[in-house]
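Enquirer:
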Amino acid sequence: MAEFYKLKVADIYKETEDTAVVTFEVPSTLHSVFKFRQGQHLTLKKDINGEDLRRSYSLCSSPIDKQWTVAVKQIPGGKFSTYINETLQTGDEIEVMAPTGMFGVPVQPEKEKNYLFFAAGSGITPVLSMVKTHPAQEPHATCKLFYVNKTAKSIIFKEELEQLRNIYFGRLEIYYFLTKERRDIELFNGRFDDDKMKVLTKTFIDIPRHG
Ligand SMILES: Cc1cc2nc3c(=O)[nH]c(=O)nc-3n(C[C@H](O)[C@H](O)[C@H](O)COP(=O)(O)OP(=O)(O)OC[C@H]3O[C@@H](n4cnc5c(N)ncnc54)[C@H](O)[C@@H]3O)c2cc1C
Numbered sequence: 178m179a180e181f182y183k184l185k186v187a188d189i190y191k192e193t194e195d196t197a198v199v200t201f202e203v204p205s206t207l208h209s210v211f212k213f214r215q216g217q218h219l220t221l222k223k224d225i226n227g228e229d230l231r232r233s234y235s236l237c238s239s240p241i242d243k244q245w246t247v248a249v250k251q252i253p254g255g256k257f258s259t260y261i262n263e264t265l266q267t268g269d270e271i272e273v274m275a276p277t278g279m280f281g282v283p284v285q286p287e288k289e290k291n292y293l294f295f296a297a298g299s300g301i302t303p304v305l306s307m308v309k310t311h312p313a314q315e316p317h318a319t320c321k322l323f324y325v326n327k328t329a330k331s332i333i334f335k336e337e338l339e340q341l342r343n344i345y346f347g348r349l350e351i352y353y354f355l356t357k358e359r360r361d362i363e364l365f366n367g368r369f370d371d372d373k374m375k376v377l378t379k380t381f382i383d384i385p386r387h388g
């Protein structure tokens, strides 16, 4: 049976109007149990109005930082995401399962890798963990992130991403796309459809042909 551990909320803040970022206090005795790889998620459990609810949330922090942080976007009418965004507070306890999941690739410091990331809205969470981890631990790696949001104000982790872009200047490129706000360059308006992918692969993405 899945084992849950009671963890205290060390910090909770609103990253955007509808997204709360929660950091858990993991006691040193549990550090080995909660060891994780970029891309993995936590399962949280809470009794909400007499209902035992469990939901998964990707870790957006990096294993390098020894920090366990998730970002929860409030879904209209969503039970768990509304509880996290409207009720949960610093110092509260919540039950959390050890990290799990197979998303992502291992760190290989000696390899020359070129990562391409595509994310939309709260889908940035596991990608943020990867963008914090791979360039830091793979000195020859480059990363390109293509990130869609509705409006400029709703871009989750914009500030953190900009800081990372400065730290890994030249190795981390970020391209923002908006669906509900017009930008001057047409390419950066709208979702990743066939036409956009054709332009992106011609202009930004250089995939060498093999064979
Ligand atoms: C591996 C994994 C990782 C995840 N990581 C994250 C993460 O990092 N951040 C995050 O915010 N969420 C993440 N999720 C989604 C999360 O687990 C919940 O599904 C989400 O928070 C909604 O739960 P809820 O209880 O609020 O909604 P519910 O009460 O379960 O659902 C309410 C209504 O909303 C609909 N609904 C549920 N989810 C969505 C959605 N995503 N978009 C639109 N409608 C929806 C339902 O069909 C239902 O009609 C992840 C899910 C998985 C499986």
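Taking this note's numbering, the leading residue of the sequence shown gets 178, the next gets one more, and so forth. Each residue gets a CB set at the ideal place from its N, CA and C atoms; glycine is no exception.
Relative to the C-alpha of T380, which candidate in F323, A329 and T356 has its C-alpha closest?
Expert: By one-based count along the sequence shown, residue 380 stands at place 203. Selected option, being the one with the closest Cα: F323.
Enquirer: Three-state secondary structure (DSSP) at A329?
Expert: Here residue 329 refers to the residue found at position 152 when the sequence shown is read from its first residue. The answer is helix: DSSP assigns A329 an H, G or I state.
Enquirer: Are Y345 and P312 close, meaning C-beta to C-beta below 7 Å?
Expert: For the purposes of this step, residue 345 is identified with residue 168 of the sequence shown, where counting begins at 1. For the purposes of this step, residue 312 is identified with residue 135 of the sequence shown, where counting begins at 1. Result yes, Cβ atoms of Y345 and P312 sit closer than 7 Å.
Enquirer: Per DSSP, what kind of secondary structure is A179 in: helix, strand or coil?
Expert: Residue 179 sits at position 2 when you count from the first residue of the sequence shown. In the structure shown, A179 sits in coil (DSSP, three-state: anything other than H, G, I, E or B).
Enquirer: For I382, which residues in the same chain have their Cβ closer than 8 Å to its Cβ, ignoring the five residues on either side in sequence?
Expert: Translated into the one-based positions of the sequence shown, residue 382 becomes position 205. Result list for I382: L293 and K321, in chain order.
Enquirer: Hey, could you find the ends of the alpha helix (DSSP H) V284 is sitting in?
Expert: The residue labelled residue 284 in the question sits at position 107 within the sequence shown. No alpha helix (DSSP H) contains V284, which DSSP labels as neither H nor E.
Enquirer: Please determine if the segment 332-340 and the segment 266-276 are in contact, where contact requires at least 3 C-beta pairs separated by less than 8 Å.
Expert: No, they do not touch.
Enquirer: Quick check on Q285: buried or exposed, where buried means 16 or more other Cβ atoms within 10 Å of its Cβ?
Expert: On the sequence shown, residue 285 is found 108 positions in, with the first residue counted as 1. Under this definition Q285 is an exposed residue.
Enquirer: Starting from V304, follow the alpha helix (DSSP H) in both directions and report where the run begins and ends.
Expert: On the sequence shown, position 127 is the one that residue 304 refers to. V304 -> alpha helix (DSSP H) spans I301 to Q314.
Enquirer: Looking only at DSSP bridge pairs, what is Y324 linked to?
Expert: Here the question's residue 324 lines up with position 147 in the sequence shown. Answer is A296 and Y353.
Enquirer: Is the beta carbon of T267 closer than 7 Å to that of D188?
Expert: In the sequence shown, residue 188 corresponds to position 11, counting from 1. In the sequence shown, residue 267 corresponds to position 90, counting from 1. Against a cut-off of 7 Å, the Cβ pair of T267 and D188 comes out as a contact.
Enquirer: Roughly how many angstroms lie between the CA atoms of G288 and E263, to the nearest whole one?
Expert: Residue numbering aside, residue 288 sits at position 111 when the sequence shown is read from its first letter. Residue numbering aside, residue 263 sits at position 86 when the sequence shown is read from its first letter. Inspection of the sequence shows that residue 288 is occupied by Lys rather than by Gly. Their backbone Cα atoms lie some 44 Å apart in a straight line.
Enquirer: Got a sec? Which residues, its chain only, sit under 8 Å from K327 by beta carbon, not counting five neighbours each side?
Expert: What you label residue 327 is simply residue 150 of the sequence shown in a count that begins at 1. Taken in chain order, the residues that qualify are G298, L355, T356, K357 and E358.
Enquirer: Under 7 Å, do P276 and F201 count as touching if we go by C-beta distance?
Expert: Looking up residue 276 in the sequence shown gives position 99. Looking up residue 201 in the sequence shown gives position 24. Their beta carbons are not under 7 Å apart, which means P276 does not touch F201 by this criterion.
Enquirer: P253 to T196, Cα distance in whole Å?
Expert: The residue labelled residue 253 in the question sits at position 76 within the sequence shown. The residue labelled residue 196 in the question sits at position 19 within the sequence shown. Going by the C-alpha atoms only, they are around 12 Å apart.
Enquirer: Just checking my contact of C389 with V247 at CB under 8 Å: how many whole Å lie between their CB atoms?
Expert: In the structure displayed, the chain extends from 178 to 388; residue 389 sits before or after that span and is not available.
Enquirer: Report back the beta-carbon spacing between T310 and I241 to the nearest angstrom; my notes put them in contact at under 8 Å.
Expert: Mapped onto the sequence shown, residue 310 falls at position 133. Mapped onto the sequence shown, residue 241 falls at position 64. So it is a contact: roughly 6 Å between Cβ atoms.
Enquirer: Could you tell me if the beta carbon of G216 falls within a distance shorter than 6 Å of some heavy atom in ligand 1?
Expert: If you number the sequence shown from 1, residue 216 lands on position 39. Not under cutoff, so the answer is no.
Enquirer: What residue from M178, Q215, L219 and K191 has the CA that sits closest to L184's CA?
Expert: Along the sequence shown, read from residue 1 onward, the residue named residue 184 stands at position 7. When each option's Cα is compared against that of L184, the closest is L219.
Enquirer: Tell me, please, which residues DSSP counts as bridged to V199.
Expert: For the purposes of this step, residue 199 is identified with residue 22 of the sequence shown, where counting begins at 1. BP columns for V199 point to I189 and V247.
Enquirer: Leaving out the 5 sequence neighbours to the left and right, which residues in its chain are closer than 6 Å to I261 when beta-carbon positions are compared?
Expert: For the purposes of this step, residue 261 is taken as residue 84 along the sequence shown, with counting starting at 1. These residues qualify, in order along the chain: A197 and V249.
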